[in-house]
Amino acid sequence: MIVRDRPSPLRLFFVMQGSIVPRIAPQIICIFILGCLDLLLHRYYPAFFSGLTAAPFALMGLALSIFLGFRNSASYDRWWEARKQWGQLVIDTRSLARQVNSLMPEKGETGSLAARKITRLSIAFTHALRHHLRGTDAWSDIGDFLDHGMIDDLKRSRNLPDALLRQIGQELGRAVHSGLISDVLYRPMEERLTSMASVQAACERIHTTPLPFAYNLLLHRTAYLYCFLLPFGLASTLGLLTPLVSAIIAYTLFGLDALSEELEGPFGTSAHDLALSAISRTVEVNLRETLDEQDLPADLTPDNFHLC
Amino acid sequence: MIVRDRPSPLRLFFVMQGSIVPRIAPQIICIFILGCLDLLLHRYYPAFFSGLTAAPFALMGLALSIFLGFRNSASYDRWWEARKQWGQLVIDTRSLARQVNSLMPEKGETGSLAARKITRLSIAFTHALRHHLRGTDAWSDIGDFLDHGMIDDLKRSRNLPDALLRQIGQELGRAVHSGLISDVLYRPMEERLTSMASVQAACERIHTTPLPFAYNLLLHRTAYLYCFLLPFGLASTLGLLTPLVSAIIAYTLFGLDALSEELEGPFGTSAHDLALSAISRTVEVNLRETLDEQDLPADLTPDNFHLC
Amino acid sequence: MIVRDRPSPLRLFFVMQGSIVPRIAPQIICIFILGCLDLLLHRYYPAFFSGLTAAPFALMGLALSIFLGFRNSASYDRWWEARKQWGQLVIDTRSLARQVNSLMPEKGETGSLAARKITRLSIAFTHALRHHLRGTDAWSDIGDFLDHGMIDDLKRSRNLPDALLRQIGQELGRAVHSGLISDVLYRPMEERLTSMASVQAACERIHTTPLPFAYNLLLHRTAYLYCFLLPFGLASTLGLLTPLVSAIIAYTLFGLDALSEELEGPFGTSAHDLALSAISRTVEVNLRETLDEQDLPADLTPDNFHLC
Amino acid sequence: MIVRDRPSPLRLFFVMQGSIVPRIAPQIICIFILGCLDLLLHRYYPAFFSGLTAAPFALMGLALSIFLGFRNSASYDRWWEARKQWGQLVIDTRSLARQVNSLMPEKGETGSLAARKITRLSIAFTHALRHHLRGTDAWSDIGDFLDHGMIDDLKRSRNLPDALLRQIGQELGRAVHSGLISDVLYRPMEERLTSMASVQAACERIHTTPLPFAYNLLLHRTAYLYCFLLPFGLASTLGLLTPLVSAIIAYTLFGLDALSEELEGPFGTSAHDLALSAISRTVEVNLRETLDEQDLPADLTPDNFHLC
Amino acid sequence: MIVRDRPSPLRLFFVMQGSIVPRIAPQIICIFILGCLDLLLHRYYPAFFSGLTAAPFALMGLALSIFLGFRNSASYDRWWEARKQWGQLVIDTRSLARQVNSLMPEKGETGSLAARKITRLSIAFTHALRHHLRGTDAWSDIGDFLDHGMIDDLKRSRNLPDALLRQIGQELGRAVHSGLISDVLYRPMEERLTSMASVQAACERIHTTPLPFAYNLLLHRTAYLYCFLLPFGLASTLGLLTPLVSAIIAYTLFGLDALSEELEGPFGTSAHDLALSAISRTVEVNLRETLDEQDLPADLTPDNFHLC
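Chains as they are written, first to last, in this note's numbering: chain H, 1 to 308; chain E, 1001 to 1308; chain P, 2001 to 2308; chain U, 3001 to 3308; chain G, 4001 to 4308.
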């Protein structure tokens, strides 16, 4: 995620931070050079270009734009849905913490302990889900929030966040059985757990099911063929502007193509991915505040305009 | 938010209130002047323009329009979702107030007091959320609705609205514990709290996660390059109309670009932002009416057609 | 709302009922006359038109169509969402009536009376919400459904539908307190109330928050400038067809512009607004049927194809 | 609903089943003949066509396509939402049957009888809703599923499905009162009823509120004018292909126009309407299976590729 | 489902895995040959092409692109909704298993047995639903998870997944009756069942209700006619590039047409269908882990980049 700073219209032309340009620069330069070669060709073999106009490219360009537009919307929707799911996780963890900490401690020390345990397991779930989606090791972040007894069990599981949810579920089950909370009060807490399971499954869905690959192939190929043929169509009408205009069109099309591809899988740590670390930190701070802890870590701040 | 007045079609050309024109005037004037220079150039160096037509610009213009259209929809959706979330807050606060005030007072004075406290904390939450999103200080608005005992606690919190929700949660927990309400009646109230937490998290999501910055860069650059090149393409066919038509096209494209940027972050106090102050005032009036208070503040009315 | 009659394709050209034509006729005639003047101009000053083609207008037309399309979708979504909210109100009032009338009367006369009171207050809420949104006086429609005792209270409120919901809420609170219904049975009824509050807040949202005014300005201005310039671009290629084609294009663009504006605020009583009176009447009939009343009013039938 | 058979690309040109062609054939032939006449005219009065090109039609065609596309999406959404609502009805009826039949019979014979009665009323509701939406008489289909005692009551009601829901509601109310089910178990059943009421109200909404009629007028008129003018614009460039290309374009535009109109009201029995009879039959079979009945009717199979 | 590997831009031109090309190769080659024939024709009968330009094809191409875009979005939405439904199934089965296994075993051996039975029936439901949608035989996959007593009953049912849900429902009914779980705890479990019924009905909806067939006919016919006429329009301006450009445009349009058709019915086992086997395997592993079973099957891994 990039932190916005709203520079002046002119300065926006020179910002590189958060730009997709570095990734597609080789292709754009290619098209620019091709445009220059076309100009030479046009000078020495004008017959080849006789009658060539931009009109047929309008036919391709139209279909291409509409389909690039479709893929872009679909990728953006995945990115935004992923963000909404993590927003839902913030809601669920905060609400679960609020519920257990306002109801259980009334029953004395055992209640306070259970509430504390559930709250800390929720923090662990949040960190574990992040690592699960990024394919990194969760233990350095979650170790502090777990009791020693459960660690072996958790290490055996193939799906750590799911196993953590089961631990919270068992804690709630014990609370019901020992009379800490009534059956009726169990329900809103269980609903939070189901909602957390829902966040996890939705993130797994986005992570494991990319857009059908044929879209990428189809659009990628059409976009490249289009941009490589374009200078031939423009040379006779645009003259010296041909390389420039070709490069601008290539910039727009390749840029959207590349950006769509980045947004499609939003759980990485690159410039356009979601700031999952910052969100997890926020959850950790909010929940530990609920437990009246004092030594809270600072919120994550953007490092060179980039939050990960 | 602008209050609509439906002037005649002709008068709409001269309305400045709520228009995006002031913000983009410099750029439009630039394009107009550029068009005039092109006309001169065209007169003295017609060879440069020989063969230049508008056709290649149709290629760029198409892609640009589709992608501007996408960004515009995405920004508008954020703005409208933010408005829906505040509408949800109206529902939640009204419903919570209705529930506590129709159920608790039946249990005598303690019940009335608790109902009153929860209702007033809901008003405070609404004001605090507005200030939280606008980055302003909440205490002048919420001080009257809080008990002295809780102020120190709240001031320590890094997230004031969340801390206020926890206060309401604890009040409800106490009500359950002391038998004011049964476990069963606790649930619809707790659901309102979870929904209020959900409004807050959704607003925080919209506030902290702008559209990927690369969209802004990509569209901004393409739109500017397009508009600066356009007069060259139009000069040979449009003749004297070139500056005018270029300026109109620039007005449309820059206007949507600028408007999308404003709607993207809807929690400010400028002309196109949401009227959060007016909504919070409505909540305050509705809830204090529920408490049978008499000296209610007036609804906010538009000041120079502008509600903030 | 217009009642459909599916005339033959040819007859559709002459239907005026439900058409937007009367509203935009002056502008279309204007464009037609302008087209005729252009033809004359073209005859006597052909030099002015030399080189002018329709191509540059394609650039404007494209952006304009996409953005008009966006605004049209946004307005239609508001209209359709408003209709869905009123559909939800039908669900809520019917379901609440079904619940109270199948559960409370089992407890004897007091139960029957409470069920009847709540059902009649729901009818009043429906009528009051309609009047609230249309800015008309509700008392002639709702007086019959209220007890005398509550009328003063209601008249003091700034928001009549909200006050009626509070009355239903208090009635339910009393029913719980007096043992007519258990805490558990209170919940599905309370959920209906929250849903009715949600319908009201959603309608208020649509009513008080129009589309950002800058959209109207931007699109309105561009559409008018486009249509006034268009005949100049068409005259050299279309010849005598210029006025006709210009007028048709103006009809499409102005028509959509005007229709979008009408749909944006769907709570009035004009031809394209929602048939709130008919829906409220249906609710009244359904609910009074639940109470076994006999002298039910007739359903509203379209008056000159127009239901309001 | 048409049952798919995926013929080869070539055969698809000759399939008439499920095609919209028969309905719009007269108009297409008209355009084809007009194209031929234009060719003759072009031969003998070429001066009339001098300068006429397809370019101005691109302006109209663009706006027309975008707006036809909008209406098409809106109609399709109505059709698909209607199908979703009937899918929801399948869920609700199956779940209600599962709930009553797994909980009530444990209480002995009275419980079994009540469960059976509620299940059969649900079947009746499904059939009645279908007939309600299609404007046909329901009694031949639902008579078998009703007790004699309730028939008079039902016949008096203006809204048969709503009256059937009330009957189920009263049955549930009696079950609660007589202790067959607890208050707590009443709730998931009541939720199914509310959801069934919601399906009914949504279908009534789609049925009684067509798209604003002005859309139909606007698009219909523009499409016809466009297609009748088009051959004039094409004759000078396309020559002998003019009638063919005009007819193809007319086929696409009139086809979508006609298809959108059919999908807009999806509750009829024509080729593109929803297969409500087949869905109701499925519900009947599933629910009677729940009651362990043996003589179940066969599923409906497509008759000449058409399910109604 | 294809597993992504992000090859370099250049290599993407030669990837066949997951490409739609093999399916539409004959048609593309056809268009290419047609383009070559046109070139010959153009050489020997240039009079036929005199005046033919690409402009009229822009009119068709535009409408075609917008409508192909619509159908593509609709098909993709069906595919993605189907994936969401299976994601919901993961949530429901995991949550139901968590609930029964954290609450029932506290009641001793009978509770453990019931929890185990319900968990295993949930696995069977998942496999059965997959086979139900794919039209294959479920018994080899589900036999191990069923008790012998229930097999005859299940074999008689016309809808196996629905019958399995009823079995879980009866198991829950017995648990309530025998006091294993209270009425209150029954509800969250029953909610999972209703949600599983909802997944099933939604998948059945997508499976049995394809897009209206007239869309396929309309778009298919227009796309083919367009591509077969296109070389005639391009020959005079594009010269030798005609066959290439025609083939590229045909590739884009036929490719999207074919891809939309594949995504429309997402429950098969071809390259673009959903990986239902892998998802069911994940559910089986997660649920058996909940039961502390040790000999869990491996996750399914892509076979030649293809997961089914």
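We put the beta carbon where it would ideally sit given N, CA and C, even for glycine.
Bear in mind that the values here come from a model prediction, so they are computed numbers and not experimental data.
M2196/P and M196/H have their C-alpha atoms roughly 28 Å apart. Take the alpha-carbon of R281/H and the one of Q294/H: they are about 15 Å apart. For T252/H, the nearest CB of chain E lies under 7 Å from its own CB, placing it at the interface with that chain.
Runs of alpha helix (DSSP H) with 4 or more residues, each lying fully within the segment 2147-2227 of chain P, are found at 2148-2156, 2160-2177 and 2183-2208, listed in chain order.
Between L256/H and R116/H, the C-beta spacing is not below 7 Å. Considering only L2165/P, N2072/P and L2129/P, the residue with the shortest C-alpha distance to P3212/U is N2072/P. When rounded, the separation of the alpha-carbon atoms in T1301/E and P2210/P is 16 Å. Non-local beta-carbon contacts of S246/H in its own chain, meaning distances under 8 Å to residues more than five positions away in sequence, involve I31, F32, L34, G35, C227, L230, P231 and L234 in chain order. Within chain G, the residues P4212, F4213 and A4214 have their CB atoms less than 9 Å from the CB of H3272/U, given in chain order.
For F2125/P, the closest C-alpha among the options F2145/P, L2217/P and G2173/P is that of F2145/P.
Taking a cut-off of 8 Å for Cβ pairs, the segment 124-143 of chain H and the segment 263-271 of chain H touch, as three or more such pairs fall below it.
Comparing alpha-carbon positions, the option among S1277/E, L1259/E and M1150/E lying closest to W1079/E turns out to be L1259/E. Between K1084/E and W2086/P, the alpha-carbon positions lie close to 17 Å from each other. In the three-state reduction of the DSSP assignment, A4235/G falls in the helix class. Contact note: T2209/P reaches chain E through M1001, W1080, R1083, G1087, L1274 and A1275, using a C-beta cutoff of 9 Å and chain order. Here I1206/E is not near A1097/E, since their CB atoms are 7 Å or more apart.
As the crow flies, the alpha-carbon of T53/H is around 7 Å from that of L4238/G. DSSP places I2020/P outside any alpha helix (DSSP H), giving it a letter other than H or E. Below the 7 Å Cβ cutoff, chain H contributes A54, L234, T237, L238 and V245 as neighbours of P1056/E, in chain order. Judged by DSSP secondary structure, Y4251/G falls within the alpha helix (DSSP H) whose first and last residues are T4242 to E4264. Contact residues of the segment 3144-3173 of chain U toward chain P are S3157, R3158, N3159, D3162, L3165, R3166, G3169, Q3170, L3172 and G3173 (C-beta to C-beta distance below 7 Å).
Three or more Cβ pairs drawn from the segment 184-193 of chain H and the segment 1171-1191 of chain E lie within less than 8 Å of each other, which places the two stretches in contact.
By the C-beta density criterion, P46/H is exposed, having fewer than 16 other C-beta atoms within 10 angstroms.
For F3145/U, there is no enclosing alpha helix (DSSP H), as DSSP marks it with neither H nor E. Taking all protein chains in view, the Cβ of I1249/E is crowded by 16 or more other Cβ atoms within 10 Å, so the residue is classified as buried. Contact of H3177/U with chain P by beta-carbon distance below 7 Å involves E2106. D1162/E places its beta carbon less than 7 Å from that of N286/H. Bounds of any alpha helix (DSSP H) do not take in A1054/E, whose DSSP letter is neither H nor E.
Contact check for L1160/E and A1138/E: beta-carbon distance about 6 Å, within the 8 Å limit, so the pair qualifies. Under the criterion of beta carbons closer than 8 Å, L1296/E and A1275/E do not qualify as touching, at roughly 19 Å.
Sixteen is the threshold: since fewer than 16 other Cβ atoms of the shown chains lie within 10 Å of the Cβ of F2013/P, the residue is exposed.
Just measuring C-alpha positions, the residue of G61/H, V90/H, P105/H and M150/H sitting nearest E1204/E is V90/H.
Around I3123/U, the same chain offers F3145, V3283, E3284 and L3287 as residues with beta carbons nearer than 7 Å, after the five sequence neighbours per side are excluded.
Between the alpha carbons of S1112/E and M2104/P lies a distance of about 27 Å. For a Cβ distance threshold of 9 Å, residue set I4181, S4182, D4183, V4184 and L4185 of chain G lies close to D183/H, ordered along the chain.
Per the C-alpha coordinates, the member of F254/H, Y251/H and T242/H positioned closest to H42/H is T242/H.
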